[in-house]
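In numbering that gives the first Met the number 0, the protein residues as written are 0 to 235.
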Amino acid sequence: MIIAANWKMNLTKKQATSLLNSLTNNINYKNSIILFPGFTLINTVKELVSDKKIFLGAQDCSSNKNGAFTGEVSAEQVKDSGCDYVIIGHSERRKYFNETDSAVNLKAKLALDNGLKPLICIGETLDQRKSGDTIKVVRSQLDIIFKDIDASKTLIAYEPVWAIGTGLTAKNEEISEVHDFISNYFSGNATILYGGSVNEINSDEILSIKNVDGVLVGGASLIAEKFIKIANFLQK
Ligand code: PGA
Numbered sequence: 000m001i002i003a004a005n006w007k008m009n010l011t012k013k014q015a016t017s018l019l020n021s022l023t024n025n026i027n028y029k030n031s032i033i034l035f036p037g038f039t040l041i042n043t044v045k046e047l048v049s050d051k052k053i054f055l056g057a058q059d060c061s062s063n064k065n066g067a068f069t070g071e072v073s074a075e076q077v078k079d080s081g082c083d084y085v086i087i088g089h090s091e092r093r094k095y096f097n098e099t100d101s102a103v104n105l106k107a108k109l110a111l112d113n114g115l116k117p118l119i120c121i122g123e124t125l126d127q128r129k130s131g132d133t134i135k136v137v138r139s140q141l142d143i144i145f146k147d148i149d150a151s152k153t154l155i156a157y158e159p160v161w162a163i164g165t166g167l168t169a170k171n172e173e174i175s176e177v178h179d180f181i182s183n184y185f186s187g188n189a190t191i192l193y194g195g196s197v198n199e200i201n202s203d204e205i206l207s208i209k210n211v212d213g214v215l216v217g218g219a220s221l222i223a224e225k226f227i228k229i230a231n232f233l234q235k
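If you want it as structure tokens, here you go:
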């Protein structure tokens, strides 16, 4: 299983160090752990996890290769900073920074060209779910984002937008339906994580659903005891 932590725009170096010390001392490393700290924390995290089985990723990269794009960070720079992964197309990027599926496609290609494994996020809004359009929306996202991309070289996170940071998790049947759809879309050659209010109480059940290969955890990944419990999931 893959247990990924999206720290979002949180933590100073001191706070990250303290969280990491608890994690590295208590995680059993039976699952693959990937941490996604903010850019300024990458170095600190890298140093603290260098001899541990924890992988490192950034939360975004530019859709441009390099050049005059003030404030942007390229896929090449992400790789150069010591990361192996990068989150792309998170719904918060789509919502607050108008990121489109085509931009996500460009970013994913640049990530792959630079030796990074993109963790590509997709998912429907509450309105789309209420109108019964979930599968239609997910299919359209996959059609655009994965144009000329080999899904087996990526990780996919199904994150219903309405479940992110809200405390609402999708029901098991809802998770199953979408994960099965994505898995079939790629003829079984995709690694699919679930994300959206995953916590230490619901994680075991979510990780036991067929075609769920891991979880992407936001809020609960900032609290050591919660993330340790999620990370130490033991497959039955
Ligand atoms: P959450 O965030 O666990 O706080 O809902 C998940 C995510 O945004 O990836």
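Every residue gets a Cβ at the ideal spot worked out from N, C-alpha and C, and that includes glycine.
Problem - Cα-Cα separation, residue 135 to residue 181 - result: 12 Å
Exercise for the section: Confirm the yes/no value for this check: CB of residue 7, any heavy atom of the ligand PGA, distance under 8 Å. Expected result: yes
Problem - C-alpha distance - residue 201 paired with residue 67, whole-angstrom precision - result: 44 Å
Exercise for the section: Starting from the C-beta of residue 228, find all residues in its chain whose C-beta is less than 6 Å away, skip the five residues before and the five after it, and write them out in chain order. Expected result: 199
Exercise for the section: Can you give me the start and stop residues for the beta strand (DSSP E) that residue 18 sits inside? Expected result: No beta strand (DSSP E) contains residue 18, which is instead part of the alpha helix (DSSP H) from 12 to 25.
Exercise for the section: Starting from residue 188, trace the beta strand (DSSP E) both ways and give me its first and last residue. Expected result: No beta strand (DSSP E) holds residue 188; DSSP gives it neither H nor E.
Problem - Member of 155, 160, 159 whose CA lies at the smallest distance from the CA of residue 1 - result: 155
Practice task
Compute the minimum distance between the beta carbon of residue 162 and the heavy atoms of the ligand PGA, and state whether it is under 8 Å.
Solution key: yes
Exercise for the section: Report yes if the C-beta of residue 85 is less than 8 Å from at least one heavy atom of the ligand PGA; otherwise report no. Expected result: no
Problem - residue 101 to residue 60 span [Cα, whole Å] - result: 14 Å
Problem - Cβ distance (whole Å) where residue 33 is taken to contact residue 54 below 8 Å - result: 4 Å
Exercise for the section: Below 8 Å CB to CB, which residues in the same chain sit around residue 192 once its five sequence neighbours on both sides are set aside? Expected result: 1, 3, 118, 154, 155, 156, 157, 211, 212, 213, 214, 215
Practice task
Flag residue 230 as yes when its Cβ comes closer than 8 Å to any non-hydrogen atom of the ligand PGA, and as no otherwise.
Solution key: no
Practice task
For residue 240, name the three-state secondary structure that DSSP assigns.
Solution key: The question about residue 240 has no answer here: the residues shown for the chain are numbered 0 through 235.
Handout entry: As assigned by DSSP and simplified to three states, the class of residue 5
Key = strand
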